[in-house]
Amino acid sequence: MTALPAFTATSPSPILLRETIDGGVAVLTLNRPAARNSLSLELINDLHAALDLIGRDDGVRAVVIAANGPAFSAGHDMKELTAHRNDADRGRASFTRIMTACSAMMQAVVLLPKPVIAAVQGVATAAGCQLVASCDLAVASEQATFATPGVDIGLFCSTPMVALTRNVPRKHAMHMLLTGEPVSAEDARAIGLINRVVPHGGERDAAIALASQIASKSSHTIKIGKEAFYRQAELSLADAYHYASQVMAENMMAQDAEEGIGAFLDKRKPEWKDC
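Letter 249 of the sequence shown, counting from 1, is numbered 251 in the numbering used here, and no numbers are missing.
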């Protein structure tokens with residue numbers, strides 16, 4: 003097996019760690035293991051800020067989101083979520099602020115012009131499952147489980163539902179949402195929530211290897227493709243083909259398309275200019 007590239011570690015905050023790997027892969031690690039990596043407002047904002055910085059960093063070509071500890075993420079921080087119940091509005095403003103911030107962060111994952119891969123080592127529930135579903139790809143340990151169990155505590159997983167229903171067939175999504183039952187890694191792969199299942203402890207390296215493979219492609223082409231993938235999915239069949247045809251025609255004008263096709267015809271390795 004080829005050795006993985008070396009890390010350069012930085013820490014944007016104690017609860018979110020960042021490592022940069024040779025070849026243009028950034029690894030963002032949720033670092034609240036004692037709280038099962040629950041998505042506090044601070045962690046949500048830090049993750050959103052990190053994604054914004056990565057979006058402007060030409061040196062980063064792909065992103066892996068991982069987590070420290072036994073859980074990937076248990077979803078929202080319930081203690082924080084209910085901390086304002088005694089306010090005059092019974093916490094409505096606080097609930098709205100947290101849910102709006104979380105929804106914006108999840109959209110930032112989708113809108114990032116670089117692929118994002120989840121490396122899931124343990125449970126991913128509620129907003130944690132939402133984060134996995136929001137990522138472009140996901141690699142999971144054979145011990146990982148996924149659930150949207152809000153229904154068990156009287157809080158339907160409505161925002162996780164948005165990401166879930168865009169990745170999983172409706173009846174599978176409804177079963178998860180209505181029962182709250184955990185889904186095994188193998189079942190999550192079968193219904194399309196994740197891409198690969200690997201032996202426990204190998205999920206991070208597998209996600210990094212996948213990210214490195216994608217990072218070796220033209221970043222300009224990947225940017226075009228990711229944006230087009232999500233946009234066409236929301237269109238009718240005729241509109242999707244019309245839009246995709248325009249995207250491909252424009253893509254053909256790029257230097258990397260010219261170089262890539264020329265390299266294929268010449269039977270040589272392309273030299274990307276990322277434009």
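Cβ coordinates follow ideal geometry from the N, Cα and C atoms, glycine included.
The model shown is predicted, which means the values in this text are computed figures rather than measured ones.
Assignment of beta-bridge partners to F148 by DSSP yields A126, V185. Taking all protein chains shown into account, L180 has fewer than 16 neighbouring C-beta atoms within 10 Å of its C-beta and is therefore exposed. In the DSSP assignment, A140 falls outside any alpha helix (DSSP H) and within the unbroken beta strand (DSSP E) covering 139-143. If you look at V111, you'll find it in the alpha helix (DSSP H) that goes 94-113.
Contact between A165 and Q132 holds: CB atoms are separated by about 5 Å, below the 8 Å threshold. The Cβ-Cβ distance between A64 and P117 falls below 8 Å. The three-state reading of DSSP puts S214 in helix, counting H, G and I together.
By the neighbour-count criterion, in which a residue is buried when 16 or more other Cβ atoms sit within 10 angstroms of its Cβ, I155 is exposed. The C-beta of L32 has 16 or more other C-beta atoms within 10 Å across all chains shown, which makes the residue buried.
Out of E21, P184, R99, P72, the CA that lies nearest to the CA of V62 is found in E21. Here A28 has R20, T22, I56, V62, V65 as same chain residues with Cβ atoms under 7 Å from its own Cβ, once five neighbours each way along the sequence are excluded. Residue pairing for S75: DSSP places it in a beta bridge opposite A126. Setting aside the 5 residues that flank it on each side, Q257 is surrounded in the same chain by K275, C277, each with a C-beta closer than 7 Å to its C-beta; the list follows chain order. For L19, the enclosing beta strand (DSSP E) starts and ends at 18-23. In terms of CA proximity to A106, P162 leads the group T127, P72, P162, S143. Excluding the 5 residues flanking it on each side, H50 has same chain C-beta neighbours closer than 7 Å at A106, M107, A110, in chain order. Taking each of A85, A175, E229, A192 in turn and checking the Cα distance to S42, the smallest one comes out for A85.
Annotation for L30: the continuous beta strand (DSSP E) segment containing it runs 27-32. Between G130 and A208, the C-beta spacing is not below 8 Å. Taking one beta carbon from each stretch, the region 184-198 and the region 135-145 have 3 or more pairs nearer than 8 Å; the two touch.
Taking E82 as the centre and dropping the five residues before and after it, the same chain places the C-beta of S42 closer than 6 Å to its C-beta, in chain order. Residue pairing by DSSP puts R198 in a beta bridge opposite V141. By the neighbour-count criterion, in which 16 or more other beta carbons inside 10 Å mark a residue as buried, E205 falls on the buried side.
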